[in-house]
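Colleague: The structure follows.
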Amino acid sequence: MNPVHTRCDVAIVGAGIIGAACAEACAAGGLNTVLIDADFPGGGITACGMGHIVVMDDSAAQWALTTRSRELWMARATSLPDNIEYDACGTLWIAANRTEMDAVEEKAAMYQQHDVHAQILNSAELARAEPELIAAMSGALLVRDDAVIYPPAAARHFAASAAVLGAVMRFGQRVQALEPGRIHFADGTILDAERIVLAAGLASNDLLPNLPLRARKGHLVISDRYPGRVRHQLVELGYLHSAHASDADSVAFNVQPRRNGQILIGSSRQFDVTDTTIDAPLLAQMLERAVGFLPFLRDVQVLRSWTGLRPATLDGLPLIGPSTQHASIWLATGHEGLGITTATATAELIAAQLLDRPCAIPAAPYWPARFAAEPTNVAT
Amino acid sequence: MSIEPTLSTDILVIGAGPAGIAAAVSAAECGRRVLLIDDNPQAGGQIWRGTNIDQGPVSARGWLQRLESSNLQHINGCRAIFLADSNLLIADLHGQRCAIRFEHAILTSGARELYLPFPGWTLPGVTGAGGLQALIKSGLDVSGKRIVIAGSGPLLLAVAATARRASAHVLCIAEQTRAKARRNFAFGLWRHPGKLTQAIRLRAQSIGAPYSADAWITQAEGDDRLAAVWLKHGTRHRRIECDLLACGFGLVPNLDLAQMFGCTITGGAIAVDKSQRSSRQNVFAAGESTGIGGIDKALIEGRIAGFAAAGSADKAAVLLAVRARTQAFAKTLAKAFALRDELRTLATPETFFCRCEDVPLSAVRAMPNMRQAKLASRCGMGACQGRICGSAAEFLFGWRDTASTRPPFTATALSNLISPSIEASQK
Ligand SMILES: Cc1cc2nc3c(=O)[nH]c(=O)nc-3n(C[C@H](O)[C@H](O)[C@H](O)COP(=O)(O)OP(=O)(O)OC[C@H]3O[C@@H](n4cnc5c(N)ncnc54)[C@H](O)[C@@H]3O)c2cc1C
Ligand SMILES: Cc1cc2nc3c(=O)[nH]c(=O)nc-3n(C[C@H](O)[C@H](O)[C@H](O)COP(=O)(O)OP(=O)(O)OC[C@H]3O[C@@H](n4cnc5c(N)ncnc54)[C@H](O)[C@@H]3O)c2cc1C
């Protein structure tokens, strides 16, 4: 058998929202690009996520990546196809008590200092903004420019736009193995690529072992249509601090209005759980928490629940840059619960570095090399 | 510690149609503890629901009386929602969550109608065939209304009979199957005397309603509600003004429960062995959910499943020959009413393929499979969770929607997914 043999500048393995966005940016930069997926664009974890485009401030690097990403989303919002359902509904970070209200004030000051729109709502203003929310809340931080999208359609769109820019699509083709400069497909064919970008989510580990990646499982529930009952993405401020920060199983109030009136209800986090079945007690706990904030949810009709495994790293930041194993094999993965948001700046960082162009934000905080000094498999 | 109301039983039967009633009664006769649940306010399933125990057809009366006098536990208004573990079912009982612990389960959840998209199929005034029957049985006034019944299968006759009894004008019954196939089916009925009498009775009651084979719906017209339908009859087109169109293209097994229990599905039905046992050791299935075959098959399979689940397989042995005949009948039925290719091309690009999410056919036609179509267009993600468009896609494009086995089986109040023990611990 004579294997089909082709060449390209950059081959991107994985057409989730991350890989698809990278393909678009690389093709736009004039690189001869191939985008590969075992299945089809957006069919992986990208199909399981909530699609909240959100600025987060756990660390300076996270802040830089999420604010830049959101800027890039906003810049193209009006040119996105309708089926991406881009809805700039904003985020309300709900403060349940006085201490959390102090945090709201700190945040507001920090956001404003960086020219990111943020507004403090007191208890009464919050009640007007979200009439269904229980009255006992102290207030909230409104982050006006956060948005909601439908992620699988976005991945599809990025891939289609990469194709228009000349990238070659190879879907339904599983990559079996990588070596520097060369991709081996499961069907025996080979593709030579000067650089490889591995964006296969958690499965990246199968192709490049010992990556500092671990699964962080999440549950979601979708309701029937209740237009207007929830108006912003609602997240409890406690989400940032307490439960979700630790390694223990946790739930938090995180609820999203879909454009068609459906309500998407999250969220849960479990480290290193890799089966995707519903954990009924944890699901119950998550829903109970949501009802605690939005009592009307108790009576809504729910249609379905599902889970997804977020590709997480050990420090909460993604892996964007050359791998420590081979200089020509790059990584674009480990985005955990922010990959929908940060796909845009990730793609920008990858393309800029591959093309030796200046980056819009410092690239080093996301380089995989930051883990090189540490033992790679801390989790076990 | 749970404060949840919990029922417990040896044998749990889910669905109180003919199959479920026969299964439950048979298992109870063997001395086992049996619990029969159904999500409707009354037992009887699709065919016997609303039957008056003193007046209905003989076999219905017989079984409903046996159900009454049996010492099994029987709860209506109880809908299975999800499986908490392999022996614990969570159900919605009149809006309240309850838990049911069981040793063996018998799935008798029946079938649903197949709807196919055609221009105008979402207009008010267009219903399913069985859907109209159910509406009439639950009190919809159709007297004097002009009704066209279209689609395929013996159910069309049953609907016509119900409509006529309710004083509607049935203008036409349009059966898509070719006249020859149907004649062969009618001859085949001689081997199934029970069916024949039923068929004749139904025909007799629907006399006065013109019955056309080789005729199928091509379009429903109207501005904001149905005004007329277009039928194709052989090579001719006909327009008929009417108030209601009842349209169904046969039945498809309900598989959601079986998927949730992890039972193997083959050829679009629950796979069972000769004692009606599924691929799961403690789960049996009977009736339409193991393959469309009508009431006789449902009853005999139900009895066998009931005996087998009760551990009295010997009692089931004598029933096997009868079952073989009803299963042969099911095959004849499927052949006689096989859907014609023309039905695959009724919808235009603008016709809604998924009526819950308003997804036009054009948005999905180029897709290679249901999952990809779903993610790209959101078809099947609405209220019915792809029950309608998923079955249609199977016929139209040959797509199988691969197991979506996540709770809940069907839409339910969110509170039903919250376990009371957790509530208690947080208070
Ligand atoms: C419950 C939940 C809620 C979330 N909510 C949000 C949110 O609100 N906002 C947000 O920003 N993020 C959210 N996320 C996170 C977000 O979904 C992920 O970070 C993001 O989708 C990751 O995208 P990806 O492209 O890295 O991975 P994937 O989408 O999994 O893509 C990887 C692709 O690689 C392909 N692949 C794998 N192996 C191979 C191989 N050997 N050969 C070829 N192809 C291969 C797969 O087919 C797949 O398409 C959420 C995640 C979860 C689970
Ligand atoms: C709409 C419709 C109308 C029909 N009308 C006729 C007719 O007039 N004459 C005729 O000969 N045949 C008719 N049939 C065919 C009918 O299916 C069979 O004749 C026979 O009733 C099959 O018996 P069964 O017990 O297998 O299923 P069914 O009679 O369908 O009984 C299944 C029962 O299970 C219940 N159920 C399903 N899921 C759950 C759940 N999750 N929790 C609790 N309960 C559940 C259903 O509500 C139903 O009561 C009709 C079928 C349909 C779909």
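Chains as they are written, first to last, in numbering that gives the first Met the number 0: chain A, 0 to 379; chain B, 0 to 426.
Don't be surprised by glycine CBs; every beta carbon is placed ideally from N, CA and C.
(1) From which residue to which residue does the beta strand (DSSP E) around Leu262 of chain B run?
(2) Please confirm whether any heavy atom of ligand 1 lies closer than 7 Å to the CB of His231 of chain A.
(3) Can you tell me whether Pro310 of chain A is buried or exposed, with buried defined as 16 or more other CB within 10 angstroms of its CB?
(4) Check whether the segment 130–148 of chain A and the segment 220–236 of chain A are in contact - that is, three or more C-beta pairs closer than 8 Å.
(5) Can you name the start and end residues of the beta strand (DSSP E) that Asn253 of chain A belongs to?
(6) Using the Cα positions of Thr5 of chain A and Leu177 of chain A, report the straight-line distance between them to the nearest angstrom.
(7) Would you grab the beta carbon distance between Lys144 of chain B and Arg48 of chain B for me? Rounded to a whole angstrom, and I think it's under 8 Å.
(8) Write down every uninterrupted run of the alpha helix (DSSP H) in the segment 86–143 of chain B whose length is 4 residues or greater and which is fully enclosed by it, in chain order.
(9) Report yes or no: do the segment 25–38 of chain A and the segment 167–185 of chain A share at least 3 C-beta pairs separated by less than 8 Å?
(10) At what residues does the alpha helix (DSSP H) containing Leu34 of chain B begin and finish?
(11) From the DSSP output, read off the bridge partner residues of Glu356 of chain B.
(12) Is Arg60 of chain B near ligand 2, going by C-beta to nearest heavy atom under 7 Å?
(13) Say yes only if the C-beta of Gly389 of chain B is nearer than 7 Å to one or more non-hydrogen atoms of ligand 2, and no if none qualify.
(14) Near Glu193 of chain A, what residues of its chain come up, given a Cβ to Cβ distance below 6 Å and the 5 sequence neighbours on each side ignored?
(15) Hey, is Val301 of chain A's beta-carbon within less than 8 Å of any beta-carbon in chain B?
(16) Could you check where the beta strand (DSSP E) with Ala149 of chain B kicks off and where it finishes?
(17) What does a CB cutoff of less than 6 Å around Ser85 of chain B pick up in its chain, not counting 5 residues either side in sequence?
(18) Hey, is Ala242 of chain A's beta-carbon within less than 8 Å of any beta-carbon in chain B?
(19) Would Ala117 of chain A be called buried (16 or more neighbouring beta carbons within 10 Å of its own) or exposed?
(20) Please report the Cβ distance between Gly15 of chain A and Gly200 of chain A, rounded to the nearest whole angstrom; I am assuming they are in contact, meaning their Cβ atoms lie under 8 Å.
(21) Hey, is Phe101 of chain B close to ligand 2, as in C-beta under 7 Å from one of its heavy atoms?
(22) Does the segment 246–256 of chain A come within contact of the segment 150–161 of chain A, defined as at least 3 CB pairs closer than 8 Å?
(23) Say whether chain B places a C-beta atom closer than 8 Å to the C-beta of Gly41 of chain A.
(24) Would you identify the three-state DSSP class for His156 of chain A, choosing helix, strand or coil?
(25) Mind checking whether Ile148 of chain B and His168 of chain B have CB atoms under 8 Å apart?
(26) Determine the burial state of Ser78 of chain A: buried for a count of at least 16 other Cβ atoms within 10 Å of its Cβ, exposed for fewer.
(27) Identify the continuous alpha helix (DSSP H) that holds Val158 of chain B and give its terminal residues.
(28) Between which two residues does the beta strand (DSSP E) containing Trp329 of chain A stretch?
(29) Do we get a CB-CB distance below 8 Å when we pair Gln384 of chain B with the residues of chain A?
(30) If you scan the segment 5–80 of chain B from start to end, which runs of the alpha helix (DSSP H) of 4 or more residues do you find wholly inside it?
(31) Within the present structure, is the beta-carbon of Ile89 of chain B separated from the nearest heavy atom of ligand 2 by less than 7 Å?
(32) Would you say Thr411 of chain B reaches chain A, if we count a Cβ-Cβ gap shorter than 8 Å as a contact?
(33) Could you tell me the distance, in whole angstroms, from the CA atom of Gln61 of chain A to the CA atom of Phe184 of chain A?
(34) Could you give the distance in angstroms between the alpha-carbon of Asp145 of chain A and the alpha-carbon of Gln255 of chain A?
(35) Apart from the five residues on each side of it in sequence, which residues of its chain come closer than 7 Å, Cβ to Cβ, to Met49 of chain A?
(36) Give a yes or no on whether 8 Å exceeds the smallest Cβ distance from Ala256 of chain B to chain A.
Modeller: On the basis of the data shown:
(1) Position check: residue 262 of chain B holds Cys in this sequence, whereas Leu was assumed. Careful: Cys262 of chain B lies outside any beta strand (DSSP E) and carries neither H nor E.
(2) His231 of chain A Cβ: outside cutoff for every heavy atom of ligand 1.
(3) buried
(4) Yes, the segment 130–148 of chain A is in contact with the segment 220–236 of chain A.
(5) Ser249 to Pro256
(6) 15 Å
(7) About 22 Å separates the two Cβ atoms, so there is no contact after all.
(8) 128–136
(9) yes
(10) Run containing Leu34 of chain B: none in the alpha helix (DSSP H); it sits in the beta strand (DSSP E), Val33 to Ile36.
(11) Glu356 of chain B is not bridged to any residue.
(12) no
(13) no
(14) Asp8
(15) Yes, contact with chain B.
(16) Arg145 to Ser151
(17) none
(18) Confidence at Ala242 of chain A is low in this model, with a pLDDT of 49, below 50, so the placement of that residue should be treated as unreliable; the coordinate-derived value is given next. Judged by the 8 Å Cβ criterion, Ala242 of chain A is not in contact with chain B.
(19) Result: buried.
(20) Yes, Gly15 of chain A and Gly200 of chain A are in contact; Cβ-Cβ is about 6 Å, under 8 Å.
(21) Answer for Phe101 of chain B: no, Cβ out of range of ligand 2.
(22) Output reads no: the segment 150–161 of chain A does not touch the segment 246–256 of chain A.
(23) yes
(24) helix
(25) no
(26) exposed
(27) Per DSSP, Val158 of chain B is one residue of the alpha helix (DSSP H) stretching across Leu154 to Arg164.
(28) Segment Ile328 to Thr332, the beta strand (DSSP E) holding Trp329 of chain A.
(29) yes
(30) Complete alpha helix (DSSP H) runs here, min 4: 17–28, 44–47 and 57–68.
(31) no
(32) yes
(33) The straight-line gap from Cα to Cα measures roughly 35 Å.
(34) 12 Å
(35) Leu219, Gln255, Leu263 and Gly265
(36) In the sequence as presented, Ala is not what sits at residue 256 of chain B; that position holds Leu. Closer than 8 Å: no.
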